[in-house]
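Chains as they are written, first to last, in UniProt numbering: chain R, 1 to 419; chain W, 1 to 419.
There are 2 protein chains.
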Amino acid sequence: MSQTPSLGERLDGERFWADLQAQAEIGALQPRGLRRLALDENDNRARLWLIEQGQALGCHAFHDAMGNVFLRREGQEPGLSALLIGSHMDSQPSAGSYDGTLGVIAGLAVLRTLQEQDIEHARPIEVVAWTNEEGARFAPGASGSSWFAGQRDAATILEAHDDQGTRFADALAACLAELERHGASAFRPEPFVPHAFLELHIEQGPVLESLGVPVCAVSGIQGVNWYEIEVHGQANHAGTTPEAARRDAFMGAHALIGALRDAVAGQDDQVRFTAGKFSVSPGSTNTIPQRADFTIDLRHPSQAVLERLDTAFHELALRQWSGCDVSLRATSRVAPVSFDPALVELADSAAKSHSPDAPQLVSGAFHDAIHLARVCPTVMLFTPCRAGISHHPDEHIERSDAETAVRALAETVERLLNP
Amino acid sequence: MSQTPSLGERLDGERFWADLQAQAEIGALQPRGLRRLALDENDNRARLWLIEQGQALGCHAFHDAMGNVFLRREGQEPGLSALLIGSHMDSQPSAGSYDGTLGVIAGLAVLRTLQEQDIEHARPIEVVAWTNEEGARFAPGASGSSWFAGQRDAATILEAHDDQGTRFADALAACLAELERHGASAFRPEPFVPHAFLELHIEQGPVLESLGVPVCAVSGIQGVNWYEIEVHGQANHAGTTPEAARRDAFMGAHALIGALRDAVAGQDDQVRFTAGKFSVSPGSTNTIPQRADFTIDLRHPSQAVLERLDTAFHELALRQWSGCDVSLRATSRVAPVSFDPALVELADSAAKSHSPDAPQLVSGAFHDAIHLARVCPTVMLFTPCRAGISHHPDEHIERSDAETAVRALAETVERLLNP
Chain R
1 MSQTPSLGER
11 LDGERFWADL
21 QAQAEIGALQ
31 PRGLRRLALD
41 ENDNRARLWL
51 IEQGQALGCH
61 AFHDAMGNVF
71 LRREGQEPGL
81 SALLIGSHMD
91 SQPSAGSYDG
101 TLGVIAGLAV
111 LRTLQEQDIE
121 HARPIEVVAW
131 TNEEGARFAP
141 GASGSSWFAG
151 QRDAATILEA
161 HDDQGTRFAD
171 ALAACLAELE
181 RHGASAFRPE
191 PFVPHAFLEL
201 HIEQGPVLES
211 LGVPVCAVSG
221 IQGVNWYEIE
231 VHGQANHAGT
241 TPEAARRDAF
251 MGAHALIGAL
261 RDAVAGQDDQ
271 VRFTAGKFSV
281 SPGSTNTIPQ
291 RADFTIDLRH
301 PSQAVLERLD
311 TAFHELALRQ
321 WSGCDVSLRA
331 TSRVAPVSFD
341 PALVELADSA
351 AKSHSPDAPQ
361 LVSGAFHDAI
371 HLARVCPTVM
381 LFTPCRAGIS
391 HHPDEHIERS
401 DAETAVRALA
411 ETVERLLNP
Chain W
1 MSQTPSLGER
11 LDGERFWADL
21 QAQAEIGALQ
31 PRGLRRLALD
41 ENDNRARLWL
51 IEQGQALGCH
61 AFHDAMGNVF
71 LRREGQEPGL
81 SALLIGSHMD
91 SQPSAGSYDG
101 TLGVIAGLAV
111 LRTLQEQDIE
121 HARPIEVVAW
131 TNEEGARFAP
141 GASGSSWFAG
151 QRDAATILEA
161 HDDQGTRFAD
171 ALAACLAELE
181 RHGASAFRPE
191 PFVPHAFLEL
201 HIEQGPVLES
211 LGVPVCAVSG
221 IQGVNWYEIE
231 VHGQANHAGT
241 TPEAARRDAF
251 MGAHALIGAL
261 RDAVAGQDDQ
271 VRFTAGKFSV
281 SPGSTNTIPQ
291 RADFTIDLRH
301 PSQAVLERLD
311 TAFHELALRQ
321 WSGCDVSLRA
331 TSRVAPVSFD
341 PALVELADSA
351 AKSHSPDAPQ
361 LVSGAFHDAI
371 HLARVCPTVM
381 LFTPCRAGIS
391 HHPDEHIERS
401 DAETAVRALA
411 ETVERLLNP
């Protein structure tokens, strides 16, 4: 008698890839890429498409007050809390079609396998597509997952406006009305506490590709501090003002950034330091800048390291730089998350069964999982994307990597469906 | 028998100051400051005001094809070439009322003294107000003086547009029509070669104020090279991209600017190095910059030094910086000017007769004199402005300094009027 094939082995890789390509049509850019901003027409069409796929399978479909969509397959013991897998389907303005959606379609592939092959399992399973993970249209992102996990209240989320002045509340109301009109899914008034949450996502970084590894477990998410720094100097004529009489805000910022970098350079190689915005005013070739404004994005997996660097940054900002005064403000602090060790172990073992060299990575990007990890055991899996590129039409994954990753996800799911 | 008082001593300081205040009404900003953009309504009113003052004195008034205005007093030997003194009356958008206009009103004060006190002199004298020195509305500036000196041709100047799309040619035509309508001045079809050109100007820098010196001679104008630098990196996610995998255009620019500064730091303290514009794209807090663009304004009185630094800059731009490629382009090169040594000596001696500690400065700013120096012996005098501030409503001069400066100018003029 041969061994029963695993859920991963039974999964139809061809159909999974076809689903991925089908969803990529909804909001496709020419000649390639995707634009599916949260709660826009394409994002709502993607919801309906997902619901149709689930209902055609014979699964229940739900949506909640935040527009999150769930497809449910009952277990033999419906009283057990459901295992939740998924990600998001909204995109950046000029994006690829795998960021987020890969995780939803992977969940759908698992659901198809269970349903079509009539596989019995004790625990219910749900596939979720969270609303507005990207935050590209309405900031901040992760609206659906943070609300679901009780990390942000609806009132705050509903207040957001997009660049055209459209309120999140109004865009959401239109989305919910559309779902009602299609009678496609049942309304679920309250969040529930899942048994666990699994999210497969593209790495959005270069590590797996460089290692030649198709899938790995993710042990947590880096903490992130954002800073806005103002450097105040004195505008003056570039020709008539001797060096000694200058208070050049650009040169002040240049020196300060050098010092901030030096503070960070003493750290291990897991630290990330990025000055993503930088501007000077008045911004004239022959005028010494009066003011420089820049941002720092600082990341590390350890909260203690972030706190130590935060103190160092504030101390450096107390000094004058090239005669200029500095104001430094932390505009956002998100603590690092460590995923559930037992789940990480499970996902890691599934990944290593396909690729013995699979590392455990710490995610440098935010994901919906950061919020779910506050309420239930959570883990992520990563699969490589070419050159680490994402948030860009050039985002690309190899079919063979993605198939291996979805099988590893299915094998992790399998271990959790029967207590 | 007492010594004859000098032309400077005979000059009416009260009237000079009153003229300065009167012109400051034309285009005055509230609560202070001046907006008199080249060839706008206020700039044209200032021309008419100047012509009226000259004609009321009994002088001849002329304008030329570029809208430059001249007031002429004949000498005993009208065949001699005229001594020319003056500056400009247009301003930056939010300026003070002394930059440029001081030199025109100083010329008018000299003319008043000669005319009202019926002082005879062999050589004709003219006071000039040049069109569009600032270049704030129509770039580049010094239109009137560069054309007069044969350094730029009219066709090129007339092509310029302002931000509203108005052509220089059309604004100039309206100005000339206004002058014709008032029948205020005679048209002078051709430039002439002056005997010499003298320009009194505020320093627009902090040196004279710090020395407590009211007036000094200017021995030349710094040369200026302008550079536009592009740094090309790779946009990537700030969280997911390890240091070793980054090509961060901001960090490339940061390192390159450090190296450019180091190259300049080896020079004497007459060098001026300014990064006045700086931008990054895409300019998102959590995205590694794809590209950084900045400008360098580099000045020095020695052409040899500028050429050496230019070579060093181009060599540095050939390297990669933080893995980024660099493109560096010199967008403008203006060679330094040394004023006529005999005239510098004359102006210096007049300045030192009032203030023995008067230095000889090299101008860090451009002036109309840079063009006149190509066609006739030229010199400038500087008087301090508070804190070196100019191109700003806070621009301020002390009346006593300005009076001393105009007397020193008059004494220099006096030595040139009789061969």
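Where is the CB? At the ideal position from N, CA and C, for every residue including glycine.
Closer than 7 Å at the beta carbon, the chain W residues around residue i
i	result
THR285/R	TRP226, GLY276, LYS277, THR295, ASP297
GLN303/R	Residues of chain W passing the Cβ test: none, with the nearest at roughly 16 Å.
SER390/R	HIS237
ALA365/R	HIS237, GLY239, THR240
Interface partners of residue i on chain W, CB under 8 Å
i	result
ILE288/R	THR274, GLY276
GLN222/R	GLY239
Residues that residue i bridges to, as DSSP identifies them
i	result
TYR227/W	ILE296/W, ALA330/W
ILE221/R	VAL337/R, SER363/R
ASN44/R	ASN44/R pairs with nothing; no bridge assigned.
VAL280/W	ALA292/W
GLU199/W	MET380/W
CYS324/W	TRP321/W
ARG36/R	Answer is none; ARG36/R lacks a bridge partner.
ILE85/W	VAL127/W, LEU198/W
ASP64/R	ARG188/R
PHE274/R	Here the sequence assigns Thr to residue 274/R, which means Phe is not the residue at that position. ASP297/R, per the DSSP bridge assignment.
LEU71/W	ALA61/W, VAL127/W
Burial state of residue i (16 or more Cβ within 10 Å)
i	result
MET1/W	Summary for MET1/W: the model assigns pLDDT 43, below 50, so the residue's position carries little reliability; its value from the coordinates is reported in the next sentence. With fewer than 16 Cβ atoms within 10 Å of its Cβ, MET1/W is classed as exposed.
GLY183/W	exposed
GLU337/W	The question names Glu, but residue 337/W is Val in the sequence shown. Buried, because 16 or more other Cβ atoms sit within 10 Å of the Cβ of VAL337/W.
GLU203/R	buried
residue 456/W	There is no way to answer for residue 456/W, as the model of chain W reaches only from 1 to 419.
GLY388/W	buried
ASP163/R	exposed
ASN132/W	buried
ASP401/R	buried
PRO384/W	buried
VAL128/W	buried
VAL231/W	buried
ASN418/W	exposed
LEU318/W	exposed
ARG246/R	buried
ASP394/W	exposed
THR412/R	buried
residue 420/R	Outside the displayed span of chain R (1 to 419) sits residue 420/R, for which this structure offers no information.
GLN222/W	buried
Contacts that residue i makes with chain R (C-beta to C-beta distance below 7 Å)
i	result
PHE250/W	ALA275, PHE278
ALA65/W	Here the premise fails: no neighbours, minimum Cβ distance about 29 Å.
Within chain W, the residues that residue i reaches when beta carbons sit closer than 9 Å
i	result
ALA335/R	Those do not exist, as ALA335/R stays about 14 Å from chain W at its closest Cβ, beyond 9 Å.
Under 9 Å from the C-beta of residue i: neighbouring residues of chain R
i	result
ALA330/W	Chain R residues near ALA330/W: none, gap ~12 Å exceeds 9 Å.
ALA61/W	Per Cβ cutoff of 9 Å: no residues; ALA61/W is ~33 Å from chain R at best.
Cutoff 9 Å: residue i Cβ touching any chain B Cβ
i	result
ALA292/R	Absent from the structure is chain B; the protein chains it does hold are R and W.
Against chain R: residues of the segment 191-215 of chain W by CB proximity under 9 Å: Cβ contacts with chain R: GLU203, GLN204, GLY205, PRO206, VAL207, SER210.
Chain-ordered residues of the segment 254-273 of chain W with a beta carbon less than 7 Å from chain R: Result list: HIS254, ILE257, ASP269, ARG272.
Proximal residues, the segment 229-242 of chain R versus chain W, C-beta separation under 8 Å: Residues of the segment 229-242 of chain R with a Cβ closer than 8 Å to any Cβ of chain W, in chain order: ALA235, ASN236, HIS237, ALA238, GLY239, THR240, THR241, PRO242.
Contact set between the segment 163-187 of chain R and chain W, restricted to residues whose Cβ is under 9 Å from the partner: For the segment 163-187 of chain R, there are no residues whose beta carbon sits under 9 Å from a beta carbon of chain W.
Alpha helix (DSSP H) runs contained entirely in the segment 98-181 of chain W, provided each spans 4 or more residues: Fully enclosed alpha helix (DSSP H) runs of 4 or longer: 101-116, 143-148, 154-158, 168-181.
Interfacial residues, the segment 26-42 of chain W to chain R, with Cβ spacing under 7 Å: Here the close residues number zero.
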